[in-house]
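Those protein sequences? They're chains A and B, same order as listed.
For the first sequence, position 102 (counting from the first letter as 1) is numbered 125 according to the numbering used here, and the numbering increases by one without interruption.
For the second sequence, position 102 (counting from the first letter as 1) is numbered 125 according to the numbering used here, and the numbering increases by one without interruption.
No residue lacks a Cβ here, since even glycine has one placed at the ideal position from N, Cα and C.
Given the structure is predicted, the values throughout are model-derived calculations rather than measurements.
Protein chains: 2
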Amino acid sequence: MVSEPTDQSGPGQWRPSREAVIDLLGLLALGELLAFERMAVDARLAPDLGRRAHLSEAAVGEIRNFRLLADRLTELGVEPADAMDPFREAFRAFDAKTAPRDWFEALVKVYVGDAVADDFFRAVAARLDDADRRLIDQVLAEGTAAEFAAGEIRAAVEDDPTASGRLSLWARRLVGEGINRAQAVASTHESLADLIGGDDSFESVLRVLTRAHQERMRSVGLNN
Amino acid sequence: MVSEPTDQSGPGQWRPSREAVIDLLGLLALGELLAFERMAVDARLAPDLGRRAHLSEAAVGEIRNFRLLADRLTELGVEPADAMDPFREAFRAFDAKTAPRDWFEALVKVYVGDAVADDFFRAVAARLDDADRRLIDQVLAEGTAAEFAAGEIRAAVEDDPTASGRLSLWARRLVGEGINRAQAVASTHESLADLIGGDDSFESVLRVLTRAHQERMRSVGLNN
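Listed below in structure tokens is the structure:
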């Protein structure tokens, strides 16, 4: 779990800058848009049409979340594309190094990515004002993609215990690449790092996310 | 326009076989599922994130239609994946020969594909019973993808008249490949061809679709 939110209503409280909130919403919006595309693309790796359709349908939750975040950016007077643009390279670099080679690698990417993203949403929500916090709650209410992926992975590992080692290694690589990218983004977007880290350091937030991730891995039969 | 439906309530009327209806719904469901994936994949060709998101969001209509058709198949006691399977090769062959090389080729494929599919839905709806006809009406009510694509193509051709020749050629290739695939499917699924052709020959239905397509091409500044 992440640290409790500090009291948001008291005087003299820390408030994120408008710039930091726009950066954050742009980052999250692009993440959702790309998660949508990635799932639709990777659905082609499915072993049958039923599973292929299932992953494609699960992707719809991501594009709905994208729309919520993009509309909020528009409300704040920012063109969503402009807010997303600074983060394209980070996502491109991440995806270039983590292209799944088969259906189960794709599912682990969905599971890890979706769940880490949700933890991240929760971690930052506490630092936002009411309107943005409600928006994040809506975003978190969506999404059955991780559940579907978890069920498939668990069944695959039960079926073939040798799959666990291979997929565990893959999950570690995803997290390693993800941390690299997150550090690169934080180092070039200082106000965003402040928002994410708040009273804690950015590194300690990363540690919290990593720990939650490790528990989730175990729950589907993978190890660290 | 296609020929008027024959009276569905009279005695001795022609009725499609259950097998033909299942084939038809399987064909349409797979078409919608693959249109969804194709749009999400081709969205990556967009010149900016705004357009990229727009095409991805338009794709959601296709997966909704897929769900309507798949649920109807389940209602009829058929596993949707089983009903779709016989048509995978036709779509695979079509897509292998018509991979768009840029954003405008992708949009022409969306525009042509979506509109021809809608004409096809209308042509067959008349021959179905009430429940299936209502379903087709719901499917036809969806979809802003073709409108978005048409607007973009029209603007591009106005901007650069030389684009018209290249994209017109591309559209002809799409239709040519589509007809090839449709003929192959009809020849291996006789009851489906009967359903599609009804009193008319399958060829005459194709001619009607082609004529409607040519008018649509002109409306976005392309020629035949």
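Residue i in three-state terms, based on DSSP
i	result
THR167/B	coil
PRO103/B	helix
LEU197/B	helix
ALA121/B	The sequence as given places Thr at residue 121/B; Ala does not occur at that position. DSSP places THR121/B in coil when its eight states are reduced to three.
SER227/A	helix
SER32/A	Note that SER32/A scores 46 on pLDDT, short of 50, meaning its location in the model is unreliable; the coordinates nonetheless yield the value given after this. DSSP places SER32/A in coil when its eight states are reduced to three.
GLU42/A	helix
GLY136/B	helix
PRO184/A	coil
ARG157/A	helix
VAL131/A	helix
MET24/A	For MET24/A, the predicted model reports a pLDDT of 43, less than 50, meaning its position is unreliable and no value from the coordinates is stated.
ALA149/B	coil
LEU245/B	coil
ALA69/B	coil
HIS212/B	coil
ARG239/A	helix
PHE59/B	helix
ARG234/B	helix
Contacts of residue i in chain B (Cβ-Cβ under 7 Å)
i	result
ILE256/A	Chain A is shown only over 24 to 247; residue 256/A falls outside these bounds and no answer can be derived.
CB contact flag (residue i, residue j, <8 Å)
i	j	result
GLU226/A	ALA63/B	no
ASP46/A	SER214/A	yes
ALA194/B	LEU245/B	yes
LEU56/B	ALA76/A	yes
ARG156/A	ALA148/A	yes
ALA52/A	PRO103/A	yes
VAL66/A	LEU78/A	Going by the sequence as given, residue 66/A is Ala instead of Val. Yes. Within cutoff.
VAL83/B	ILE86/A	yes
ALA252/A	VAL180/A	Since the first residue of chain A shown is 24 and the last is 247, residue 252/A is not available in this structure.
LEU313/B	ALA43/B	The first residue shown for chain B is 24 and the last is 247, placing residue 313/B beyond what the model contains.
ASP125/B	LEU68/B	yes
GLY136/A	ALA58/A	yes
GLY54/A	ALA140/A	yes
LEU190/B	VAL131/B	yes
ARG204/A	ALA122/A	no
ASP160/A	ALA235/A	no
ARG74/B	ALA138/B	no
VAL228/B	ALA146/B	yes
ASP106/B	LEU96/B	Inspection of the sequence shows that residue 106/B is occupied by Ala rather than by Asp. Yes.
PRO39/A	LEU151/A	yes
PHE127/A	ILE202/A	no
GLU200/B	LYS120/B	yes
Interface partners of residue i on chain A, CB under 8 Å
i	result
VAL180/B	Within chain A, no residue comes near VAL180/B; the closest Cβ sits about 24 Å away, beyond 8 Å.
ALA93/B	ALA76
Chain-ordered neighbours of residue i on chain B, where CB pairs are closer than 9 Å
i	result
PHE89/A	ALA76, SER79 and GLU80
Contact test: residue i Cβ vs the ligand GDP heavy atom, cutoff 7 Å
i	result
LEU245/B	This structure simply doesn't include the ligand GDP, nor any ligand for that matter.
Residue i: contacting residues in chain B (beta-carbon distance under 8 Å)
i	result
GLY73/A	GLU102, PRO103 and ALA104
Contact with chain E by residue i, beta-carbon distance below 8 Å
i	result
GLU60/B	Structure shown: chain E not included; protein chains present are A and B.
Selection of the segment 50-70 of chain B by Cβ proximity to chain A, strictly under 7 Å: Along the segment 50-70 of chain B, the positions whose C-beta sits under 7 Å from a C-beta of chain A are LEU56, PHE59, GLU60, ALA63, VAL64, ALA66 and ARG67, read in chain order.
Contacting positions in the segment 107-120 of chain A - beta carbon closer than 9 Å to chain B: Hits within the stretch, in order: MET107, ASP108 and ARG111.
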